[in-house]
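I have placed the structure first, in the form of structure tokens, so that the comments after it can refer back to it.
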Amino acid sequence: MIIGEIEVLRWLHILAMVYWLGGEWGVFQTSYNVVNPRLSLDERRRHMETAYRIDILARTGIILLLPLGLHMGTLYGFVPLDRAWLAPMWGVFIAWLSLTWAAFFQRETDLGIRLTKIDEALRYILIPALLIVGVASLLDQGPLAVGEGTLWYPAKITVYGLMLVIGLGLRFIMRAWTTRFRRLAEGPNPREEAALKREIAIGRGLAYVYWIGIASAAFLGAVKPF
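In this text, residue positions in the sequence shown follow my numbering: the first is 29, and each later residue adds one.
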């Protein structure tokens, strides 16, 4: 049996999707204890640390899904570029992934907050680009070389771009945890507790939409319905 390049890429793509979906569920469950004022601050911090350690796997999966998908799209002929572009493309995404992990390792510091903001800023460029490419290709306006029977590919790119929007909102909430817990460490602070409760309520609502969107992207890639 010969294992080809596309089969390995597909396997890695599935793993990245699993880490994305599973990681988000783990953070969701852990957040209940992070915002629970009945627990001691140290206990809440331990749960927050667990949430961050789970979340970095989800973030890694999110980032890797795109270069893996573009790599496969190039092999399938959907991306109208030759293989020469794959090496620099992977270089860009490895740099982005390195930035994300650096922010994780420095998460309790001001440097970590700055790195996280840079990570978020990259999405301000990436999200519109993905949505434009995806929607334009669905409308047969390019740039992807797709048509009847292969429109699932730009549809998946579009859904992925929309999920990055929701993910960005969830990133804002987690980034705020660092600052809020610094203030809580100074003493009881009803204002910060109220903000945590409000933000986590919004985050949980976003999470439900997130899971539906992730499942939809997986469905498009696996079933290829159109």
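Here a beta-carbon is modelled for each residue, glycine too, at the ideal position from N, C-alpha and C.
Rounded C-alpha distance that separates residue i from residue j
{"i": "phenylalanine 56", "j": "leucine 94", "result": "23 Å"}
{"i": "threonine 88", "j": "alanine 44", "result": "8 Å"}
{"i": "phenylalanine 200", "j": "alanine 223", "result": "13 Å"}
{"i": "isoleucine 242", "j": "aspartate 138", "result": "31 Å"}
{"i": "glycine 32", "j": "tyrosine 47", "result": "23 Å"}
{"i": "arginine 38", "j": "alanine 86", "result": "18 Å"}
{"i": "arginine 208", "j": "leucine 103", "result": "46 Å"}
{"i": "alanine 204", "j": "phenylalanine 121", "result": "25 Å"}
{"i": "arginine 111", "j": "glycine 233", "result": "41 Å"}
{"i": "proline 216", "j": "proline 108", "result": "58 Å"}
{"i": "glutamate 35", "j": "leucine 92", "result": "16 Å"}
{"i": "leucine 166", "j": "glycine 189", "result": "14 Å"}
Cut-off 7 Å between Cβ atoms - residues of its own chain near residue i, not counting five sequence neighbours on either side
{"i": "tyrosine 181", "result": "Gly101, Phe106, Leu172 and Val174"}
{"i": "leucine 212", "result": "Leu69 and Glu220"}
{"i": "isoleucine 82", "result": "Gly51, Gly54, Val55 and Thr58"}
{"i": "arginine 151", "result": "Leu192 and Leu196"}
Neighbourhood of residue i by C-beta distance below 8 Å, restricted to the same chain and skipping five residues each side
{"i": "tyrosine 238", "result": "Glu52, Met191, Ile194, Gly195 and Leu198"}
{"i": "glycine 253", "result": "Note that residue 253 corresponds to proline in the displayed sequence, not to glycine. The answer, listed in chain order, is Trp180 and Phe247."}
Distance CB(residue i)-CB(residue j) smaller than 9 Å
{"i": "leucine 248", "j": "alanine 183", "result": "yes"}
{"i": "threonine 154", "j": "isoleucine 185", "result": "This sequence places leucine at residue 154; threonine is not what is there. Their beta carbons are not under 9 Å apart, which means leucine 154 does not touch isoleucine 185 by this criterion."}
{"i": "methionine 202", "j": "tyrosine 60", "result": "no"}
{"i": "alanine 127", "j": "isoleucine 146", "result": "A quick correction: the sequence has leucine, not alanine, at residue 127. In contact: leucine 127 and isoleucine 146 (Cβ atoms closer than 9 Å)."}
{"i": "serine 244", "j": "valine 161", "result": "no"}
Contact set for residue i: own chain, Cβ-Cβ below 6 Å, skip 5 residues either direction
{"i": "isoleucine 84", "result": "Phe132"}
Supposed close pair residue i, residue j - CB separation, criterion 8 Å
{"i": "threonine 10", "j": "glutamate 136", "result": "Nothing about residue 10 can be reported from this structure: the residues present for the chain run from 29 to 254 only."}
{"i": "alanine 130", "j": "leucine 143", "result": "6 Å"}
{"i": "histidine 41", "j": "glycine 119", "result": "Contact flag wrong, Cβ pair sits at about 19 Å."}
{"i": "valine 62", "j": "lysine 225", "result": "The pair is not a contact, with the Cβ atoms about 11 Å apart (cut-off 8 Å)."}
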